[in-house]
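Protein chains in written order, with the numbering used here: chain F, 1 to 180; chain A, 1001 to 1197.
By construction, the Cβ of each residue, glycine as well, lies at the ideal position given by its N, Cα and C atoms.
Quantities reported herein were computed from a predicted structural model and do not represent experimental measurements.
The block underneath contains the structure these notes are about, expressed in structure tokens.
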Amino acid sequence: MGPETEADGEIVRAVLAGDRERYAKLVERYRDRYARYAARMLGSADAAEDAVQDAFVRAFDQLAQCKDPDKFVGWFFLILRNRCFAERRRSRSEAPLEAADGVAAADRADGGTETAERRRALQHALLELTPDQREVFVLKHVEGLSYGEIAERLSTSVPSLKMRMHRAYDKLREQLREHT
Amino acid sequence: MSQRVFHPLVKLLLDGDITLADLPAELRREGEEAMRLLGAVDRRPVKLPEMSQRVMQAIAQRHERSTWRRLLEPREIRVRFRPWLVAPALAAAAALVIWLGRPEPVATPAGAVVTVRFVLSAPDAREVTVAGTFNQWDSHATPLVRTGATDLWTATITLPAGQHQYAFVVDGVRWVHDPAAPAVDDGFGRRNSVLTL
């Protein structure tokens, strides 16, 4: 099997056997995918970068505890998720709206279109949701996962996720009323 | 002001279970509002091109710190003093060295220092020291201290990496080597224990 098609489990086992540099392959494989999740969860690209880096380092430190190396990415996601939730708890009182502006900075650079304004408003509104509500919204509507996939990833049930999401819809509608 | 909640059918639309055309006419406007909400979702990728390098650097730095911590953490050399195993005239002499924690075999960089804790179990001793190549065999230079009301005498010292010879000195006269550790003849009829760091 060539290096490009190397399975996650194969890389994890090699790293655990002492080939530390191979871990960079996993980072390259998943960094951007999970950077977007973290950016939408935290409302800040900078905070997302720190969270993703920290999660990868923690995952490396705890790699021996990854019970199924073939499911590395699901295990890594839970580490990143915990990191994002902890970060939101920590920074709850630290001007979350400014963080949302950070995500929208690229839009302003593009000329501040109406689309950019709607994106910015939605990102503000997302940060007003509970972390659980925000997460299910991000996983479904940003990452494009189905309820079934989210339920599997978070070890929960589809009805419970739907209830969370439907509350999120109502809250977002309320938050965005002046933009509609 | 009451909260404006989406109609359950509009929530199905948001979930992707139905289309706008499936909504009854009176819900179309609300449905369009819902679709505008989804239209504002930012799905643009977030690129972190430097991430691999940063992560691997952070891992390397942590590994380096961890290696030094292992080198600098005290290793324990525990010696049980068993006077009943030897002739009373010698009054001292058997010792058993037990390495606790089994230090991981790590490459010791040139110039590194290692902190070592010597522990001797000697219930009847009044004074214990350790003498060796690291203190010019000065039997007064490195005293062990009795730990509370126990039989244990301890001394923690920092030694340069490399090989050292040593022996315990009990009550200033009884030289105790370690029968469980490698030993060399000192040329004067006694055995010195060898410690390799």
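For residue i, the first and last residue of its enclosing alpha helix (DSSP H)
i	result
F/Pro131	Pro131 to Phe137
F/Val52	Ala45 to Asp61
F/Thr145	For the record, residue 145 of chain F in the displayed sequence is Leu; it is not Thr. From DSSP, F/Leu145 is part of no alpha helix (DSSP H); its letter is neither H nor E.
A/Ala1155	Looking at the DSSP string, A/Ala1155 is not in any alpha helix (DSSP H); the run it does join, the beta strand (DSSP E), is Leu1152 to Pro1160.
F/Arg36	Tyr23 to Leu42
F/Ala121	Glu114 to Glu128
Status (buried if at least 16 other CB within 10 Å, exposed otherwise) for residue i
i	result
F/Ala99	Per-residue confidence for F/Ala99 stands at a pLDDT of 47, beneath the threshold of 50, marking its modelled position as unreliable; the derived number appears in the next sentence. The residue is buried, with at least 16 neighbouring Cβ atoms inside 10 Å.
F/Met163	exposed
A/His1140	exposed
A/Ala1021	exposed
A/Ala1040	buried
A/Leu1038	exposed
A/Asp1017	exposed
A/Gln1053	exposed
F/Met165	buried
Whole-angstrom distance between residue j and residue i, CA atom to CA atom
i	j	result
A/Asp1124	A/Asp1171	10 Å
F/Glu143	A/Leu1009	23 Å
A/Ala1058	A/Val1113	24 Å
A/Asp1198	A/Ala1131	In this structure chain A extends from 1001 to 1197, so residue 1198 of chain A is not present and cannot be described.
F/Arg22	F/Leu126	37 Å
F/Gly74	A/Arg1191	59 Å
F/Ala24	F/Ala38	19 Å
F/Glu6	F/Arg20	15 Å
F/Ala48	F/Leu80	10 Å
F/Ala86	F/Ala168	20 Å
F/Ile156	A/Thr1158	The sequence given here has Thr at residue 156 of chain F, not Ile. When rounded, the distance between both Cα atoms is 54 Å.
A/Pro1049	F/Phe56	14 Å
A/Tyr1166	A/Val1194	7 Å
A/Asn1135	A/Pro1182	20 Å
F/Leu33	F/Leu139	The sequence given here has Arg at residue 33 of chain F, not Leu. C-alpha separation (whole angstroms): 11 Å.
F/Arg31	A/Val1128	58 Å
F/Arg58	F/Arg29	17 Å
A/Leu1013	A/Leu1023	8 Å
A/Asp1151	A/Thr1115	22 Å
F/Val52	F/Ile11	19 Å
A/Asp1015	F/Ser160	14 Å
N-terminal and C-terminal residue of the beta strand (DSSP E) that residue i is part of
i	result
F/Ser160	Run containing F/Ser160: none in the beta strand (DSSP E); it sits in the alpha helix (DSSP H), Val158 to Gln175.
A/Asp1015	Note, A/Asp1015: premise wrong, no beta strand (DSSP E); alpha helix (DSSP H) at Pro1008 to Asp1015.
A/Arg1028	Segment Arg1028 to Gly1039 is the alpha helix (DSSP H) holding A/Arg1028; no beta strand (DSSP E) there.
A/Gln1165	Gln1163 to Val1170
A/Ala1183	Ala1183 to Asp1185
A/Val1046	First-last for A/Val1046: undefined, no H or E at that position.
A/Leu1120	Val1113 to Ser1121
F/Gly9	Run containing F/Gly9: none in the beta strand (DSSP E); it sits in the alpha helix (DSSP H), Asp8 to Leu16.
A/Arg1174	Arg1174 to Val1176
Listed by chain order, chain A residues near residue i by CB distance under 7 Å
i	result
F/His124	What F/His124 touches in chain A: nothing, since even the nearest Cβ is about 11 Å away.
F/Phe60	Ile1059
F/Ala17	Near F/Ala17 there are no residues of chain A at all, since even the closest Cβ is about 15 Å away, more than 7 Å.
F/Glu28	Ser1052
Beta-carbon neighbours of residue i, restricted to chain F and to distances below 9 Å
i	result
A/Ala1122	Neighbours of A/Ala1122 on chain F: none; closest Cβ ~40 Å, over 9 Å.
A/Arg1004	Asp170, Arg173, Glu174 and Arg177
Closer than 7 Å: residue i CB and nearest the ligand ATP heavy atom
i	result
A/Gly1039	Here there are no bound small molecules, and the ligand ATP is not part of this structure.
Where residue i meets chain F, residues with beta-carbon distance less than 8 Å
i	result
A/Val1169	Residues of chain F passing the Cβ test: none, with the nearest at roughly 43 Å.
Neighbouring residues, chain A, relative to residue i (Cβ below 9 Å)
i	result
F/Gln53	Leu1048, Met1051, Arg1054, Val1055 and Ala1058
Exercise for the section: Pull out every residue of the region 1043-1061 of chain A whose Cβ sits closer than 7 Å to any Cβ of chain F, in chain order. Expected result: Arg1043, Pro1045, Val1046, Lys1047, Leu1048, Met1051, Ser1052, Arg1054, Val1055, Met1056, Ala1058 and Ile1059
Practice task
Output, in sequence order along the chain, the residues in the region 167-179 of chain F whose CB is closer than 7 Å to any CB in chain A.
Solution key: Tyr169, Asp170, Leu172, Arg173, Glu174, Leu176 and Arg177
Problem - Interfacial residues, the region 1006-1017 of chain A to chain F, with Cβ spacing under 9 Å - result: Phe1006, Pro1008, Val1010, Lys1011, Leu1014, Asp1015 and Gly1016
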